[in-house]
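Chains as they are written, first to last, in the working numbering: chain A, 91 to 308; chain B, 78 to 499.
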C-alpha cells in the first residue's frame with residue numbers, strides 16, 4: 091500500500107495539472123492548432139463562448155439518493171464499506187449455488203472465459219508469474235487488496251444476475267473466497283471493520299509504472 | 078467451419094475468377110447479359126454473381142444504407158461469448174482509419190443496449206458542483222474532433238508467447254484500431270463542475286453489466302482526455318460505448334471506459350479489479366507494474382503477410398501501421414533480411430500524436446527467401462524492441478503490453494509466414 095501510494099503521488103506530481111502547455115485554439119483566429127493538450131481550453135477558448143472563467147451551466151444537481159444509488163465503490167482503505175456481515179460457511183454455500191457453475195466447484199475456473207479464483211499451488215507462490223505463463227493467478231496468490239473482492243462481487247457478480255446480492259451475501263462470499271485462499275481463518279466472520287484490516291499476501295509486490303519513453307526498454 | 082475468404086491463397090481465388098469469367102462469358106455471347114459466378118474449389122465459400130460485362134446493363138438502385146461490395150468480406154473474429162474479444166482484420170484495411178464496424182471488440186459483460194434519452198453522465202466527488210448531464214447537455218458543449226488509436230493492452234499476447242507461422246496480422250496484432258473521435262474535452266467538463274485542487278484521481282464507470290471501473294489520474298483529464306459520442310462521423314457503435322465513452326489518448330484500451338455514466342473525483346486510486354487482478358504486468362524481479370497505461374511504440378507489417386502467396390517477382394510495397402501512446406511516430410524502418418540492415422520507410426500522410434500512421438517501403442522481390450520486419454521510433458526517442466529484449470526485461474509470462482518487432486518470412490515459392498522470434 092505504501093509503495094503504491096508513494097508511486098501514485100509521484101506519478102501525479104510528475105504531470106502538469108491545469109497548467110496550459112499550449113492552447114488548442116488560436117485565440118486570435120479561433121483556428122484549431124495541432125496542440126495535444128486541453129489544459130487551457132476553458133470557456134473563453136471557444137469562438138462565441140461565454141468567456142474566460144464562465145460556465146455553460148448545463149445539467150442538473152443530482153440528489154444525494156441518486157449519487158448513492160450509483161456510487162457503490164469501495165477503495166483500498168475500505169472507508170466506504172457498508173453495514174452487514176457474513177461468515178465463511180455462509181459464503182461456501184452461496185458459492186456453490188451462485189458461482190460454481192462458471193468458476194468451477196473448487197474455484198479453479200473454466201479456461202479461457204471464466205477465471206480461477208481460488209488456489210495456493212506451491213509452484214505459483216513467490217510471484218514468479220513473469221517466468222512461467224502456466225502459473226495460474228488467483229485471489230490468494232496475486233490480488234493486492236481484499237476490498238477489491240468485495241467491490242467487484244457487489245458490482246458485477248453473479249455474471250447472470252449482477253447487483254442481485256445483498257450486502258450480507260457479498261460479505262459472506264468475500265469471506266469464503268479469502269478463507270479458501272488461506273488469507274483469513276476458515277471460521278472468520280467478515281464485516282466492514284474486519285475487512286479493512288485484511289492484508290493480502292502479495293500486496294507489497296505491486297509497483298508503479300517506471301516506463302517514461304526514451305531510448306531505454308523497460 | 079469453412080475458412081473465411083481472406084485466408085484463401087490469393088493465387089487460387091484470382092485464378093479461378095479469371096478462368097471462369099473467360100469461359101462462361103464467351104459461351105453466352107448473344108443471349109441475355111450473363112451473370113458470372115466462379116467455379117468453386119471444394120470447401121470454398123460461394124463467390125458472388127457479377128455480370129460478364131458491367132457496361133452492358135444498368136446497375137443497381139440507390140439504397141438507404143450502403144454496403145460493401147459482395148467481393149469484399151472483411152470480418153472480425155467473434156468467439157460467441159459475451160466476455161472476450163473480436164479482432165480487427167488489419168490485413169483488409171488501407172490508410173489509417175478503421176471502419177467502425179471493424180473496430181476490435183473487448184467486453185467484460187457483453188454489449189449493453191442503452192436508450193440515449195435515458196442515459197446520464199454523473200460527475201461528483203471532489204467538485205464544487207456535482208452535476209448530472211444528459212446526452213443533449215454533453216453535445217451542447219464546444220466539440221472537438223481528434224484521431225486516435227485504441228489498443229487493448231493484451232494485443233499481441235499469442236504472438237509474443239507462442240509465435241506460430243500461421244498467425245495473420247489480425248490474429249497477431251488485431252486488438253488495435255484507429256478512429257476519428259468527436260466529443261467534449263474532459264477539461265471542459267472539469268471546469269464546468271469545478272474540480273477541486275485536492276482531487277488527484279478520478280474513477281470512470283460504465284453502464285454495462287459489470288459497471289466497468291478504472292481509476293485515472295486527474296492530470297490526464299486536464300491534458301488530452303475526451304468524452305466522445307461520435308466515431309468516424311456518426312454516433313458511436315454499441316460495441317464502442319454508445320452513447321458515451323471516455324477516451325484517454327495513447328492509454329491501454331480497457332481504461333477508455335465505454336458506456337460512460339459516472340466520474341467520481343477523489344484523492345486515491347480505487348484499486349478496481351481491472352487495475353489489480355487484470356492489466357498489471359508481472360516482471361522477472363518478482364514485482365508487478367500497475368497503472369502502466371501508456372502504450373509503447375509499435376508497428377506491424379500488414380502486407381505482405383500470411384496467408385498471402387507472392388505470385389510474381391518484382392516490385393511491391395511493404396506496408397503496415399505504426400503507433401505510439403506517447404506521441405507521434407517519427408520514423409519507421411523496414412528490414413528485408415531479418416534485421417541485418419534497416420531502411421527508412423515513407424510515412425503516408427502526417428503522423429498524428431497517439432494515432433496510427435501507415436508506412437510503406439517499396440521492395441523488389443528477387444524470388445529468394447526473405448524476412449520482412451518493421452520497427453517504429455516515437456518522438457521520445459523510444460525504439461520498438463526485439464522480442465528478445467522484451468523477454469529480458471518482462472519475461473515470457475508477463476501478461477500485457479506486448480510490442481516486439483514482428484514480421485514475415487517469405488519462402489522462395491512465395492509463401493509468407495509469421496515470424497515473431499526477433
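The C-beta atom is built at its ideal place from N, Cα and C for all residues, glycine as well.
Per-residue DSSP class, three states only, for residue i
i                      : result
residue 298 of chain A : strand
residue 308 of chain B : strand
residue 233 of chain A : coil
residue 155 of chain A : helix
residue 191 of chain A : helix
residue 394 of chain B : strand
residue 399 of chain B : strand
residue 292 of chain B : strand
residue 168 of chain B : helix
residue 259 of chain A : helix
residue 198 of chain B : strand
residue 230 of chain B : coil
residue 437 of chain B : strand
residue 161 of chain B : strand
residue 416 of chain B : coil
residue 255 of chain B : strand
residue 495 of chain B : strand
residue 451 of chain B : strand
residue 405 of chain B : coil
residue 290 of chain A : coil
residue 501 of chain B : What the structure shows of chain B is the stretch from 78 to 499, and residue 501 of chain B is not part of that stretch, so it cannot be assessed.
residue 422 of chain B : coil
residue 352 of chain B : helix
residue 329 of chain B : coil
residue 128 of chain B : strand
residue 359 of chain B : strand
residue 410 of chain B : strand
residue 162 of chain A : coil
residue 475 of chain B : coil
Minimum C-alpha distance to residue i - residue among the options
i                      : options                       : result
residue 183 of chain B : B:220, B:284 and B:232        : B:232
residue 138 of chain A : B:339, B:219, B:209 and B:326 : B:219
residue 169 of chain A : A:293, A:282, A:278 and A:290 : A:282
residue 134 of chain A : B:487, B:268 and B:245        : B:268
residue 305 of chain A : B:433, B:403, B:336 and B:297 : B:403
residue 253 of chain B : B:492, B:125 and B:329        : B:329
residue 288 of chain A : A:166, A:151, A:145 and A:142 : A:166
residue 270 of chain A : A:251, A:307 and A:228        : A:228
residue 192 of chain B : B:411, B:490, B:338 and B:498 : B:338
residue 189 of chain A : A:156, A:274, A:132 and A:255 : A:255
residue 417 of chain B : B:217, B:451 and B:194        : B:451
residue 320 of chain B : B:259, B:227, B:149 and B:161 : B:259
residue 497 of chain B : B:274, B:479 and B:490        : B:479
residue 306 of chain B : B:367, B:366, B:177 and B:236 : B:177
residue 183 of chain A : A:259, A:145, A:163 and A:244 : A:259
Residue-chain proximity (residue i, chain C), Cβ-Cβ < 9 Å
i                      : result
residue 181 of chain B : In the structure shown, chain C does not exist; the protein chains are A and B.
8 Å CB neighbourhood of residue i in its chain, flanking five on each side removed
i                      : result
residue 276 of chain B : 202, 203, 204, 295, 342, 343 and 344
residue 257 of chain B : 174, 222, 223, 224, 308, 309 and 310
residue 200 of chain A : 192, 193 and 194
Cutoff 6 Å; reference residue i; Cβ partners in own chain excluding five residues on either side
i                      : result
residue 261 of chain A : 174, 175, 176 and 280
residue 47 of chain B  : Nothing can be reported for residue 47 of chain B, as the shown portion of chain B is limited to 78 through 499.
residue 424 of chain B : 434 and 436
Close-in-space but distant-in-sequence residues of the same chain around residue i (CB under 7 Å, 5 per side omitted)
i                      : result
residue 382 of chain B : 168, 245, 246, 485 and 493
residue 455 of chain B : 374, 401, 403, 404, 405, 406 and 407
residue 206 of chain B : 270 and 271
residue 292 of chain A : 217, 231, 232 and 234
residue 491 of chain B : 386, 387 and 388
residue 189 of chain B : 284, 285, 286 and 336
- Message: Using a Cβ-Cβ cutoff of 7 Å, what residues of the region 420-439 of chain B are near chain A? List them in chain order.
- Response: Contacts with chain A (Cβ-Cβ distance below 7 Å) from the region 420-439 of chain B involve 430, listed in chain order.
- What residues in the region 156-188 of chain A have a beta carbon less than 9 Å from any beta carbon of chain B? Going along the region 156-188 of chain A in chain order, one finds 156, 157, 160, 161, 162, 163, 164, 165, 166 and 167 with a Cβ nearer than 9 Å to chain B.
- Task: Anything in the region 118-143 of chain B with a Cβ closer than 8 Å to a Cβ of chain A? List those residues in chain order, please.
- Result: Answer set for the region 118-143 of chain B: empty.
- Message: Which residues of the region 332-347 of chain B have a Cβ closer than 8 Å to any Cβ of chain A? Give them in chain order.
- Response: Answer in chain order: 338, 339, 341, 343, 345, 346 and 347.
- Task: May I ask you to verify whether the region 349-365 of chain B touches the region 226-234 of chain A, counting CB pairs closer than 8 Å and requiring at least 3?
- Result: Because the criterion of three Cβ pairs below 8 Å is met, the region 349-365 of chain B and the region 226-234 of chain A touch.
- Item | Members of the region 276-290 of chain B near chain A, C-beta cut-off 8 Å | If the cut-off is 8 Å between Cβ atoms, the region 276-290 of chain B has 277, 278, 280, 282, 286, 287, 288 and 290 near chain A.
- Is there contact between the region 469-482 of chain B and the region 208-227 of chain A, where contact requires at least three CB pairs shorter than 8 Å? Contact holds: three or more Cβ-Cβ distances are below 8 Å.
- Message: Count Cβ pairs between the region 430-446 of chain B and the region 390-409 of chain B that sit closer than 8 Å; are there 3 or more?
- Response: Yes, since at least three Cβ pairs between the region 430-446 of chain B and the region 390-409 of chain B fall closer than 8 Å, the two stretches touch.
- Message: Across the region 203-218 of chain A and the region 181-193 of chain A, are there enough close Cβ pairs to call them in contact, namely three or more that are closer than 8 Å?
- Response: The region 203-218 of chain A makes contact with the region 181-193 of chain A, as at least three CB pairs between them are under 8 Å.
- Given a limit of 7 Å on CB to CB distance, which residues of the region 251-277 of chain A reach chain B? If the cut-off is 7 Å between Cβ atoms, the region 251-277 of chain A has 252 near chain B.
- Within 8 Å of chain B by C-beta, residues of the region 227-247 of chain A in sequence order: Here the close residues are 227, 229, 232, 233, 234, 235, 237, 238, 241, 242, 245 and 246.
- Using a beta-carbon distance cut-off of less than 9 Å, what residues from the region 199-221 of chain A approach chain B? Those residues of the region 199-221 of chain A that come within reach of chain B (Cβ to Cβ, closer than 9 Å) are 202, 203, 204, 205, 216, 217, 218, 219, 220 and 221.
- Item | Cβ-based contacts, 7 Å cut-off: residues of the region 244-260 of chain B near chain A | Residues: none.
- Message: Using a Cβ-Cβ cutoff of 9 Å, what residues of the region 302-336 of chain B are near chain A? List them in chain order.
- Response: Listed in sequence order: 302, 303 and 326.
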